[in-house]
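**Q**
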Amino acid sequence: LSDNPSLSFQHIRLNNLIFYPYIVRETVLNLHKYEIRPDDVFLVTYPKAGTFWLAEIVYNIAKPKPPNEQVSRTETIPLLEFYSLDTLELYPSPRYFKTHLPYEMIGHNSQHRGKYIYLARNPRDVAVSYFHFLRSGVEFGWDGTWEEFFGYFIQGNVPFGSYFDHVLPWWNHRNDENVLFIKYEDMKKDLINNVNLIAEFLNFNLSREEAECVAQKSSFKAMKANPETNMDQWSESFKPGSSFMRKGIVGDWVNYFSEEQIEQFNQWYASYIEGTGLEFEWFS
Ligand code: A3P
C-alpha cells in the first residue's frame, strides 16, 4: 500500500495508476495476456457510474450461471480485478464481468473479442458518489472533506485514474460492433428502452412484459429493498450509517459544488470534452 502523503486514503499504485487496496495485482498486471473468450461480456464503468445497476439489468436478462452454488448473486457477475485469473477460468461460458479497468488494460485493443457495454455517468454526480464511497469504505481508512476529494478527482488522483482517461477511449470506440455505449442519465429517463438496447446487443429477444419486469427488478427502489442486490452483505466493509445504494439520482452534485468549484470543474471539463461530441445531462 502506498504511503504517499498527498493521498490520504489507502490504495495500491501499479503502472502509474492507483487502485482500490483490495484488487488482485496479478490480475491487473497480466490481463493483457489473458485469453478472452469470444462470448465473454464486459460491463465497463468508471467507479460510481452505476456498475451494479448495469450488472443487475444484465443478470435479469441473461441469467448467467455461477461456477458453483456458494457464489452469491453479485459474484455471479464478478468484478474482474478482484479475482485471480484462475478463479475467473472456473466461470462457465458465456461469462459476464464487471470491471473498472481502463480501455487499454482489458485486452479490447489486441484481440477484438468479446462484447463491451460501457456505462458512463456525468462526472459531477460521479465525483459526489465517489466521495461518499471512499469515506464510507472501512478499508480506505479515509475521512476527508469534499473540498479535499474534489481536488483529487480533478487531478485524476483517485482509484482507476482520471475520469476522462477512462471514458473518452470508450466513447471513441462507441461505434465498434462489439461496443455498446450507454449513459446513466438516459437509463434514469427511460429504463425500459435501455433494457431493450442492452438485450438486443446481447442477442436476447425480450417481450414487452419481460423488458418491463427487468426494469422493475432493477429500479433503485427494488434493488435497495432486495438483500441480494443492496450490498448489505458487505455491511462490515462500510462504516455504520452509510449505504451502497445511496441516492441513485441525477443532479445531487448541486448540494456539494461551490460556485468556485463549478468554475474550476467547467475549465477542466472543457479542456477534455471539446470536440469529442460527448455530452451529459446534469439534472433529471
Ligand atoms: P449515488 O452514490 O449517487 O447514489 P457503482 O455501482 O458504479 O458503484 O455506482 C453506485 C451508484 O449507482 C450510486 O450512486 C448508487 O446509488 C447508484 N445506483 C445503484 N443502483 C441504482 C439503480 N437501480 N438506479 C439508479 N442508481 C443506482
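Numbering (full-length UniProt numbering), first residue to last: 2 to 285.
The beta carbon of each residue, even a glycine, is placed where N, CA and C say it ideally should be.
Between residue 232 and the rest of its own chain, which residues show a CB-CB distance below 6 Å, the 5 nearest in sequence each way excluded?
**A** Here the set comprises 245.
**Q** Going along the chain, which residues put their C-beta within less than 6 Å of some heavy atom in the ligand A3P?
**A** In chain order, the hits are 46, 48, 49, 50, 51, 52, 53, 54, 126, 130, 133, 219, 220, 221, 224, 246, 247, 248, 249 and 253.
**Q** Is the distance from the Cβ of residue 44 to the Cβ of residue 25 below 8 Å?
**A** Not closer than 8 Å, so no.
**Q** Short of 8 Å in beta carbon distance, which residues of its chain neighbour residue 18, apart from the five on each side in sequence? Order them along the chain.
**A** Taken in chain order, the residues that qualify are 103, 161 and 162.
**Q** Between which residues of its own chain and residue 8 is the CB-CB distance below 8 Å, once the five residues before and five after are set aside?
**A** Closer than 8 Å at Cβ, skipping near neighbours: 19, 153 and 158.
**Q** Can you name, in chain order, every residue of its own chain whose Cβ lies under 8 Å from the Cβ of residue 270, other than the five neighbours on each side?
**A** For residue 270, where only same-chain residues beyond five positions count, the Cβ hits under 8 Å are 124.
**Q** What residue does the beta strand (DSSP E) around residue 13 start on, and which one ends it?
**A** It spans 13-15 - the beta strand (DSSP E) in which residue 13 sits, taken as one unbroken run.
**Q** With a 10 Å radius around its C-beta and 16 neighbouring C-beta atoms as the bar for buried, classify residue 226 as buried or exposed.
**A** That one is exposed.
**Q** Count Cβ pairs between the stretch 189-200 and the stretch 130-142 that sit closer than 8 Å; are there 3 or more?
**A** In short, these stretches do not touch, since the Cβ pair count stays below three.
**Q** How long is the line joining the alpha carbons of residue 16 and residue 165, rounded to whole angstroms?
**A** If I take the Cα positions, the gap works out to 18 Å.
**Q** What is the DSSP secondary structure of residue 287, counted as helix, strand or coil?
**A** Residue 287 is absent from the structure shown; the chain starts at 2 and stops at 285.
**Q** Mind checking whether residue 129 and residue 95 have CB atoms under 8 Å apart?
**A** Their beta carbons are not under 8 Å apart, which means residue 129 does not touch residue 95 by this criterion.
**Q** Which one of 142, 260, 257 and 72 has the shortest CA to CA distance from residue 234?
**A** Among 142, 260, 257 and 72, the Cα nearest to that of residue 234 is on 72.
**Q** Which partner residues does residue 46 have in the DSSP bridge list?
**A** According to DSSP, residue 46 bridges with 120.
**Q** Give me the Cα-Cα distance between residue 266 and residue 274, rounded to the nearest whole angstrom.
**A** Distance between the alpha carbons of residue 266 and residue 274: 12 Å.
**Q** Is there contact between the stretch 25-34 and the stretch 173-193, where contact requires at least three CB pairs shorter than 8 Å?
**A** No, because fewer than three Cβ pairs between the stretch 25-34 and the stretch 173-193 fall closer than 8 Å, the two stretches do not touch.
**Q** For the alpha helix (DSSP H) that residue 139 lies in, which residues bound it at each end?
**A** It is not in any alpha helix (DSSP H) - residue 139 carries neither H nor E in the DSSP assignment.
**Q** Work out the CA separation of residue 179 and residue 117 for me, nearest whole Å.
**A** Their Cα atoms are separated by approximately 6 Å.
**Q** Look up residue 202 in the DSSP assignment and give the residues it is bridged to.
**A** According to DSSP, which records beta bridges pairwise, residue 202 is partnered with nothing at all.
**Q** Looking only at its own chain, which residues have a Cβ that is under 7 Å from the Cβ of residue 189, when we skip the five neighbours before and after it?
**A** If we look at residue 189 and ignore the five residues flanking it on each side, its Cβ neighbours are 251 and 285.
**Q** Do you know offhand how far residue 182's Cα is from residue 126's?
**A** The alpha-carbon atoms of residue 182 and residue 126 are separated by roughly 18 Å.
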